[in-house]
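**Q** I'd like to ask you about the structure that follows.
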Amino acid sequence: MNGPMKDWDAMGSDWRGQAVPTIDVDALRAEAAQQGRRLRGMLVLETLFAALTVLLVGWIAFQPDATPMETWLFGGLALLIVPYQAYVIWLRRREWSESGLDVEALVDVESRRCTTTLHYWRLGLWSVLGIWVLVYGVMLVGMQAMWSDDQIGGLVGATLANLVLIPIIGLYGLRRCTLARARLQKLAGLREQLRGP
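If you count the sequence shown from 1, you need to add 945 to reach our numbering.
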């Protein structure tokens, strides 16, 4: 009976001696802290930019010499920016801090950050495209209604500028989404390691 037990003991020793992949917790914390700083910085800058944009387009909309088209277009744009930015802040509300979390919670926060990044860019690009279509539509209406050259010129300029900016923003968004998807795969692997064999 000693023979089979020695086999089990040997197999147990082999099993315990296997190299088990470990999670580099310090590297994960450093990456999460860097992502957190970047997220907080970008969110603050984006909110400040949104506030300045609302002030600027609101100022344009309520100028004494503003045409009804300018009042409606720029006033509407100001009213759209406020709930959009509020939604972005609400979306990121659980991702502000990664300090004091255990490894599993840290992986969860980082996964949420990546998922939110994908949602953010999808929503943002469709919103920008929608605004461009709106400006283009107003331009076409203005051309049909024989608005002044200044009004049409401003709308044409905005339409052409967005033809350049939207692809640039889209390429940057595509890059951010590609990085987020790759990070999600890495985090899924870490989650599997946490669950163990």
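For glycine and all other residues, C-beta sits at the position ideal for the given N, C-alpha and C.
(1) What does the Cβ neighbour count give for F994, buried or exposed, with the cut at 16 atoms within 10 Å?
(2) What did DSSP end up calling Q1008 once you bin it into helix, strand or coil?
(3) Express the C-alpha separation of A996 and G1003 in angstroms, rounding to a whole number.
(4) To the nearest angstrom, report how far apart P1009 and L1022 are at their CA atoms.
(5) So, is T1123 buried or exposed, given that buried needs 16 or more other C-beta atoms within 10 angstroms?
(6) In whole angstroms, what is the alpha-carbon distance linking A1125 and V1033?
(7) Flag this pair as touching only if the region 1080-1092 and the region 1109-1121 have three or more C-beta atom pairs under 8 Å; answer yes or no.
(8) Can you tell me whether DSSP reads W1041 as helix, strand or coil?
(9) Given this structure, state the Cα-to-Cα distance separating L1070 from E991, to the nearest angstrom.
(10) Which whole-angstrom value describes the C-beta separation of E1043 and A978, a residue pair presumed to lie in contact below a C-beta threshold of 8 Å?
(11) Is it buried or exposed, V970, if we count other Cβ atoms within 10 angstroms and call 16 or more buried?
(12) Just mark L1051 as buried or exposed, buried being the case when its beta carbon has 16 or more other beta carbons within 10 Å.
(13) What separation, rounded to the nearest whole angstrom, lies between the Cα atoms of D1047 and T1062?
(14) Looking only at its chain, what residues have a beta carbon closer than 7 Å to the beta carbon of W1066, apart from the 5 residues adjacent to it on each side?
(15) Taking the continuous alpha helix (DSSP H) assigned at I968, which residues delimit it?
(16) Suppose the cutoff is 7 Å on Cβ atoms and the five residues either side in sequence are ignored; what does the same chain contact list for E1015 look like?
**A** Walking through what the data contain:
(1) Counting from one through the sequence shown, the residue named residue 994 turns up at place 49. Under this definition F994 is an exposed residue.
(2) Start at 1 with the first residue of the sequence shown, and residue 1008 comes out as number 63. Note: Q1008 maps to coil in three-state DSSP.
(3) Looking up residue 1003 in the sequence shown gives position 58. Looking up residue 996 in the sequence shown gives position 51. Approximately 10 Å between the Cα atoms of the pair.
(4) For the purposes of this step, residue 1009 is taken as the residue at position 64 of the sequence shown. For the purposes of this step, residue 1022 is taken as the residue at position 77 of the sequence shown. A direct Cα-to-Cα measurement between P1009 and L1022 gives close to 18 Å.
(5) On the sequence shown, position 178 is the one that residue 1123 refers to. Burial call: exposed.
(6) Reading the sequence shown from its first residue, position 180 is the one you call residue 1125. Reading the sequence shown from its first residue, position 88 is the one you call residue 1033. Roughly 17 Å separates the two Cα atoms.
(7) Contact between the region 1080-1092 and the region 1109-1121 is absent: fewer than three C-beta pairs spanning the two stretches fall below 8 Å.
(8) Walking along the sequence shown from the start, residue 1041 turns up at place 96. When DSSP states are grouped into helix, strand and coil, W1041 belongs to the coil group.
(9) As a position in the sequence shown, residue 1070 is number 125, starting the count at 1. As a position in the sequence shown, residue 991 is number 46, starting the count at 1. Straight through space, the alpha carbons of E991 and L1070 are spaced by roughly 15 Å.
(10) As a position in the sequence shown, residue 1043 is number 98, starting the count at 1. As a position in the sequence shown, residue 978 is number 33, starting the count at 1. About 6 Å; that satisfies the 8 Å criterion.
(11) What you label residue 970 is simply residue 25 of the sequence shown in a count that begins at 1. V970 is exposed by the Cβ-count criterion.
(12) One-based indexing of the sequence shown puts residue 1051 at position 106. Around the beta-carbon of L1051, 16 or more other beta-carbon atoms lie within 10 Å, marking it buried.
(13) The residue given as residue 1047 occupies position 102 in the sequence shown. The residue given as residue 1062 occupies position 117 in the sequence shown. Straight-line Cα distance between these residues: approximately 22 Å.
(14) Working through the sequence shown from its first residue, we reach residue 1066 at position 121. The residues G1118, R1121 and C1122, in chain order, have a CB closer than 7 Å to that of W1066 in the same chain once the five nearest residues on each side in sequence are set aside.
(15) To locate residue 968, count along the sequence shown from 1; it is residue 23. For I968, there is no enclosing alpha helix (DSSP H), as DSSP marks it with neither H nor E.
(16) Sequence index remark: in the sequence shown, residue 1015 carries index 70 (1-based). Excluding sequence neighbours, E1015 sits near I1005 and A1006.
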